[in-house]
Amino acid sequence: MSAAPPTPLTVRIGDVERVLPTVRAGNLGRVPLVEFIGDPEFTNAAAQAMLPLIPDGTELLLTVVTNALPLAHELSDRSGLPYVCARKKRRTYMQSPLIQDVPSLSLGVAETLWLDGPHAERLRGRRVAIVQDVVASGGTAQALAKFVVQAGGTVAGYLAAFRQGRPRIEVAALQDLPGRLP
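What follows is the structure, encoded as structure tokens:
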């Protein structure tokens, strides 16, 4: 007798509903998979709904490349705030990049983030909100916050479309996702 197939999770942001598949992720077990890349309708709905979550006085948004990038871009477009993006790989054109290790407790895989020097300079003296798609442990958000501090900026706050489980930081989010599913 085989095990029952994983149960997907349905989420709604505004008028947009998505059925999220569930996947195995590190030591979290089975979790819902949120994908903004390639889904402009979902991304736009989330960005519009997240506008009120931007902390007062924010001057710039900071995110990390991959799934959060289209979300940060749309949030930037709607709010008029510029954004900066950290990368998960060093690029040959980077000038004096800042480097930050991220020990991911959620996925069980350590990563290294890179922020190009000219991009880091844009953070200096500014109030920066950190934008992510999903925050689980908060490790990536804390690594991004270290970039802000290293560059001479101030962290205005953390915002995400979804909060999963119990992050170690205070995150303004549209919705909570279960920490793990059967």
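Numbers 693 to 874, taken from our numbering, label the letters of the sequence shown in order.
Quick reminder that beta carbons are idealized off the backbone N, C-alpha and C, glycines included.
query: 8 Å CB neighbourhood of R818 in its chain, flanking five on each side removed; result: E751, L752, G845 and T846
query: Collapsed DSSP secondary structure at T735 in the structure displayed; result: helix
query: Where G749 falls, given that 16 or more other Cβ within 10 Å makes a residue buried; result: exposed
query: Contact check, V757 vs A737, beta carbons under 8 Å; result: no
query: Residues that DSSP places opposite V823 in a beta bridge; result: L851
query: Segment limits, beta strand (DSSP E) that includes A717; result: T714 to A717
query: Span separating the alpha-carbon of L873 from that of R710; result: 17 Å
query: Closest residue to F880 among V820, F854 and A864 (Cα-Cα distance); result: No answer is possible for residue 880: it lies beyond the span of the chain, which begins at 693 and ends at 874.
query: Neighbour-count burial assignment, L743, 16 or more Cβ in a 10 Å radius; result: exposed
query: Assigned secondary structure, P810 (DSSP; H/G/I helix, E/B strand, else coil); result: helix
query: For A802, three-class secondary structure by DSSP; result: strand
query: Nearest residue (CA-CA) to A865, options I705, P700, R722 and L701; result: I705
query: Which of helix, strand or coil DSSP assigns to R770; result: helix
query: DSSP-derived helix/strand/coil call for T832; result: helix
query: Best match in R814, T699 and R770 for proximity to R716 [C-alpha to C-alpha]; result: T699
query: For R704, the first and last residue of its enclosing beta strand (DSSP E); result: L701 to I705
query: Cβ neighbour criterion (16 or more within 10 Å) applied to D793; result: exposed
query: Counted within 10 angstroms of its Cβ, other Cβ atoms place Y785 as buried (16 or more) or exposed; result: exposed
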